[in-house]
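Notes follow the structure.
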Amino acid sequence: MVKYLYYDKRSENVLNKQLIEDILTAALSTGGDFAEIFVEDRTNNGIVMIGGKVESTVSGRDYGVGIRIFKGFNSVYAYTNKSDRETLIETAKKAAAAIEGISGDITINLIKSDVKKINTIQIDPSTVEKTKKVQLMRKVYDIAFNYDELITQVTVNYTDYIQNIMVANSEGLWKEDTRVRSRLGISSVASKNGEMQSGYFGPGASKGYEFFENLDIDHYAKEASRIAVTMINAKYSPSGKMPVIIDNGFGGVIFHEACGHGLEATSVAKGLSVFAGKIGEQIASPLVTAIDDGSIPGEWGSYSIDDEGTPSRKNVLIEKGILKGYMVDKLNGRRMNMDVTGSSRRQSYRFAPTSRMSNTYIDAGESTPEEIIANTEKGLYAKYMGGGSVNPSTGEFNFAVMEGYLVENGKIKEPVRGATLIGKGTEVLNKIDMVGNNLQLSQGMCGSVSGSIPANVGQPMIRVSEITVGGREGEV
Amino acid sequence: MEMKSLIEKIFSEGKKKGLTDMEVYYSAGNSLSLKVFQKELDGYSLSESEGLSLRGVYKGKMGYSYTEKVDETSIEQLVNNVVENATIIDSDDEEVIFEGSKEYKKVDSFNTELSNVKEEDKIKFVKSLEEEAYKIDKRISSVKTCVYGDGYGEVIMSNTKGLYLHDKSNIAYTYIVVDAKEGNDIKTGMAYRTGNDFYKFNVKEIAKEAVEEAIGLLGAKSVKSGNYPVILRNSAAADLLEAFTGIFSAEAVQKNLSLLKGKLNEKIASERFTLIDDPYMEGGLASRSFDGEGVACKYKKVIDKGVLKTYLHNLKTARKDGVETTGNASKGSYKSSISIAPSNFYVEKGEKTLEEIIKSSDKAIMITELQGLHSGLNSVSGDFSLAALGYLIEEGKIVRPVEQIIVSGNYFEMIKNIEEVGSDLKFGLPGEAYIGSPSLKVKSLAIAGE
Chain A
1 MVKYLYYDKR SENVLNKQLI EDILTAALST GGDFAEIFVE DRTNNGIVMI
51 GGKVESTVSG RDYGVGIRIF KGFNSVYAYT NKSDRETLIE TAKKAAAAIE
101 GISGDITINL IKSDVKKINT IQIDPSTVEK TKKVQLMRKV YDIAFNYDEL
151 ITQVTVNYTD YIQNIMVANS EGLWKEDTRV RSRLGISSVA SKNGEMQSGY
201 FGPGASKGYE FFENLDIDHY AKEASRIAVT MINAKYSPSG KMPVIIDNGF
251 GGVIFHEACG HGLEATSVAK GLSVFAGKIG EQIASPLVTA IDDGSIPGEW
301 GSYSIDDEGT PSRKNVLIEK GILKGYMVDK LNGRRMNMDV TGSSRRQSYR
351 FAPTSRMSNT YIDAGESTPE EIIANTEKGL YAKYMGGGSV NPSTGEFNFA
401 VMEGYLVENG KIKEPVRGAT LIGKGTEVLN KIDMVGNNLQ LSQGMCGSVS
451 GSIPANVGQP MIRVSEITVG GREGEV
Chain B
477 MEMKSLIEKI FSEGKKKGLT DMEVYYSAGN SLSLKVFQKE LDGYSLSESE
527 GLSLRGVYKG KMGYSYTEKV DETSIEQLVN NVVENATIID SDDEEVIFEG
577 SKEYKKVDSF NTELSNVKEE DKIKFVKSLE EEAYKIDKRI SSVKTCVYGD
627 GYGEVIMSNT KGLYLHDKSN IAYTYIVVDA KEGNDIKTGM AYRTGNDFYK
677 FNVKEIAKEA VEEAIGLLGA KSVKSGNYPV ILRNSAAADL LEAFTGIFSA
727 EAVQKNLSLL KGKLNEKIAS ERFTLIDDPY MEGGLASRSF DGEGVACKYK
777 KVIDKGVLKT YLHNLKTARK DGVETTGNAS KGSYKSSISI APSNFYVEKG
827 EKTLEEIIKS SDKAIMITEL QGLHSGLNSV SGDFSLAALG YLIEEGKIVR
877 PVEQIIVSGN YFEMIKNIEE VGSDLKFGLP GEAYIGSPSL KVKSLAIAGE
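Top to bottom, those sequences are chains A and B. Residues 1 to 476 in our numbering are what the first sequence lists, from first letter to last. Residues 477 to 926 in our numbering are what the second sequence lists, from first letter to last.
Here you go:
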């Protein structure tokens, strides 16, 4: 039996209908044509264990209210931590003062509507004793530390949060939702001859404490340490242009950086993206179908409604290489004359929301991983990727390979460390020449204009016929 | 005062629940940000915010908790969280509440003038910045981002050992990002200014810097892979230093996460390399008179002519090493526990100008921008492998712009191989610390290109 166990301590902080309507009316008093209010009440829990000992633990409560006003393509955003009537009306008026105009007739009639829950929470993390969470961390630590004699340090991070949100706007929308997320971070360091290398794994989900109870801790803890040990024994990566095989899961960061950011309305609306104005055009190899889907139950980047109150959904971005759509928020949708796609997100009430990715992945293809490797004469196999970044105007991206290997004559050979991949998104998308059948999602935090948000990247194993690889050794 | 009475109530509730020593850290501030796009003010945001955290000793261990709802309704939960959090701590390192330093040097980081600047003048400024960038060169296809912002912040630290400290500061910033376009080639340039004197921001200068950066890179190509002497231009050198700041923290050293362990008073860098942490630097955006634990800050050379003189300490790490704290306890915000960070942290400048360094280079790559700093480097091993932009230098002259290259090396080795230190000290955008460097010439780094 699945039970909702959200505890509600918000009673004194929930704004009533009359107050919300009054705030929205004040926000529109200078001629704005749309106003929105966002209330966030969030409980955070973080525990850090270094060397098997709990080093620090912080818990606390974020609380704030954000007010947003549009007039045409222009927007105003204001936030405060206070929730009394006087401050909120005053904040709305101050924000409205930035808009020049005269108010028309305003009648706001909020209608509260239910939210269809995407994620089900079985165990509210706030009901679980911290000592139990620490026991779990210690188990992770022991497995990771005892994996190999070369492991000299292990850091385990535990995080859970419960975010209660309310969003209401001058079009009458009024919704409330609760988001619960849980994540574990495992970082292992291996040392040898005065050198150090690290390995990391960070599983997470939009689930309650049941996520940790069902997690294959043994696997993740060992993987983090195995990566560190493999890399301390690795030589430096060669450099130059070569075919690169990128494995499933976090390898999807390539699509996230090289293409995903350029499909966010944030950069498309103002014509700043290389993908602006290209709907219907072939922008990628026909093997590539890419999707952003915030409605996959329980996934790290999933949510029932976005931060503007729109339900999340599956958006096909690229189908067989053809650009099908963007991720669109309300404000940029006006500039682009397009409908919203349930993609408007923000880190907290301190940020105005904008179009962002949720769970973004390249869909499964037909090749088996074995085929892909067997068909590669010489190149680099990137088993696990680190992070990366992109300039959306030029499409230039860079990302780090956390665990890499040389491939020779269709076989995976020795490990190499310190490889970085660079290129232009448009070029790489066209150079994907094999797509595997082993789709997997992996968790990350994505930073952009509206802050740092949980997002999944994902893909099956893919091969790119040529990417520039940077490493400290000469050419292959 | 309202805050004082709230703090009293928190302490009294804490005492009831068995907390011995306690400390409240309160911060509040407001901010304004203006964004212009195609002559219109398309983004305007303002905020007023506050937060309060409590740390306290329960049965010898320190617990933390915070709230953004700063009123009496939060007291009970604050205290209960501190107790619960302290209970699960099992680190042996003792964390203490500090009774206060003998003396605090005054730091002037609040400029009253800034709060008197009219909003319409700020709007006029940011609009003219955009306009100016378009005017300078026809190849500027878009001013992507053009922002002015300012903010005010204050901090109160008060504890049961009698410490009561108050500090306030304000800051203004502006930045512009432009795209230059020629055929299908698009290049991006950026410029920024920070400080708390609005009237020092010069539209012409800032626009010109961003435009020249973008235009200069048009037509960039990769270079042949190989090892090259590398000039890291000031801002790129500062960015790289920022990414490796953690290696100087005594906490990282004690936890076996820094290769500087056991290297005190050893030569770890070139003689030309001196690294300073100066909390009292004139115009420094991380200037402060006390640190996150209430300890008076002090000036120190971390590396003096290549020799490692000290790590950065807080009370906990200093006690463990049997030394005095360096006053580098950091509390990023009321949400964070105590860690370690530098203040105004910079490489001491040398004598040669950047032009002179270029002139004296036969063949080299000058790097003006490093990308992927949050992912392409390993602060534990010192290895970095970063996408970069810059220029090819031959026979003492800039020959052409360079893109699609990756520069790789190891930070610990790199600082040993610094051949020249420029006179052009420049600071990056302020974060937890304010970090600067002049241009640095490195004997050799691996460049991957064609």
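Don't be surprised by glycine CBs; every beta carbon is placed ideally from N, CA and C.
- Between Asp753 (chain B) and Val783 (chain B), the C-beta spacing is not below 8 Å.
- In the three-state reduction of the DSSP assignment, Phe903 (chain B) falls in the strand class.
- The alpha-carbon of Glu195 (chain A) is positioned some 50 Å away from that of Asp547 (chain B).
- Partner residues in the beta bridge of Thr420 (chain A), as assigned by DSSP, are A:Ala400 and A:Gly470.
- Scanning its chain for C-beta atoms nearer than 6 Å, with the 5 sequence neighbours on each side dropped, one finds around Asp643 (chain B) the residues Val631, in chain order.
- Assignment of Gln122 (chain A) by DSSP, reduced to helix, strand and coil, places it in the coil class.
- Residue pairing for Ile246 (chain A): DSSP places it in a beta bridge opposite A:Ala382 and A:Ile462.
- For the segment 257-268 of chain A, the set of residues with a beta-carbon nearer than 8 Å to any beta-carbon of chain B is empty.
- Against Asp62 (chain A), the close residues of chain B are Glu544, in the order they occur along the chain (beta-carbon pairs closer than 7 Å).
- Here Val593 (chain B) carries a coil assignment [DSSP, helix/strand/coil].
- Remark: fewer than three beta-carbon pairs, one from each stretch, lie closer than 8 Å, so the segment 433-440 of chain A and the segment 329-341 of chain A are not flagged as touching.
- For Arg179 (chain A), the closest Cβ of chain B is not nearer than 8 Å.
- Residue range Ala726 to Gln730 is occupied by the alpha helix (DSSP H) that includes Ala728 (chain B).
- Scanning A:Glu86, A:Ile67 and A:Lys71 for the CA closest to the CA of Tyr77 (chain A) turns up A:Ile67.
- Taking a C-beta cut-off of 8 Å against chain A, the contacting residues of the segment 514-545 of chain B are Glu516, Leu517, Asp518, Gly519, Tyr520, Ser521, Leu522, Ser523, Glu524, Ser525, Glu526, Gly527, Ser529, Gly539, Tyr540, Ser541, Tyr542, Thr543, Glu544 and Lys545, listed in chain order.
- C-alpha of Gly659 (chain B) to C-alpha of Lys270 (chain A): approximately 19 Å in a straight line.
- Put simply, the backbone Cα of Asp307 (chain A) is about 39 Å away from that of Glu688 (chain B).
- Note that the C-beta distance between Val416 (chain A) and Lys235 (chain A) is below 8 Å.
- A check of alpha carbon separations from Ile50 (chain A) across A:Tyr158, A:Pro243 and A:Asp22 identifies A:Tyr158 as the nearest.
- Contact of Thr57 (chain A) with chain B is assigned, a C-beta pair being separated by under 8 Å.
- Ile599 (chain B) has its alpha-carbon roughly 12 Å from the corresponding atom of Val679 (chain B).
- Gln135 (chain A) counts as exposed, since fewer than 16 other beta carbons sit within 10 angstroms of its beta carbon.
- Residues Glu575 and Gly576 of the same chain have their beta carbon placed closer than 8 Å to that of Gly638 (chain B), with the five preceding and five following residues left out of the count.
- For chain A, the residues of the segment 548-566 of chain B that bring a beta carbon within less than 8 Å of one of its beta carbons are Thr549, Ser550, Gln553, Asn557, Glu560, Asn561, Thr563, Ile564, Ile565 and Asp566, in chain order.
- One thing to note: Ala712 (chain B) has its Cβ no nearer than 8 Å to the Cβ of Ile891 (chain B).
- Shown in chain order are the members of the segment 150-180 of chain A whose Cβ falls below 9 Å from a Cβ of chain B: Thr152, Gln153 and Thr155.
- At least 8 Å separates the CB of Lys207 (chain A) from every CB of chain B.
- The beta carbon of His642 (chain B) sits no closer than 8 Å to any beta carbon of chain A.
- Here Glu176 (chain A) really is in contact with Ile165 (chain A); their C-beta atoms are around 7 Å apart, less than 8 Å.
- Taking the Cβ atoms as the reference, Lys431 (chain A) lies roughly 6 Å from Glu466 (chain A), within the contact range of under 8 Å.
- Residue environment: Asp114 (chain A) is assigned as exposed (fewer than 16 neighbouring CB atoms within 10 Å of its CB, all protein chains considered).
- In the DSSP annotation of this structure, the continuous segment of the beta strand (DSSP E) that includes Pro705 (chain B) starts and ends at Gly702 to Leu708.
- With respect to chain A, the C-beta atom of Ala922 (chain B) has a partner C-beta closer than 8 Å.
- When 9 Å is used as the limit between beta carbons, Leu495 (chain B) is near no residue of chain A, the shortest such separation being about 15 Å.
- The CB of Val856 (chain B) comes closer than 8 Å to the CB of Val189, Met196, Gln197 and Ser198 in chain A, given here in chain order.
- In terms of beta-carbon proximity, Gly277 (chain A) stays away from the interface with chain B, with every pair separated by 8 Å or more.
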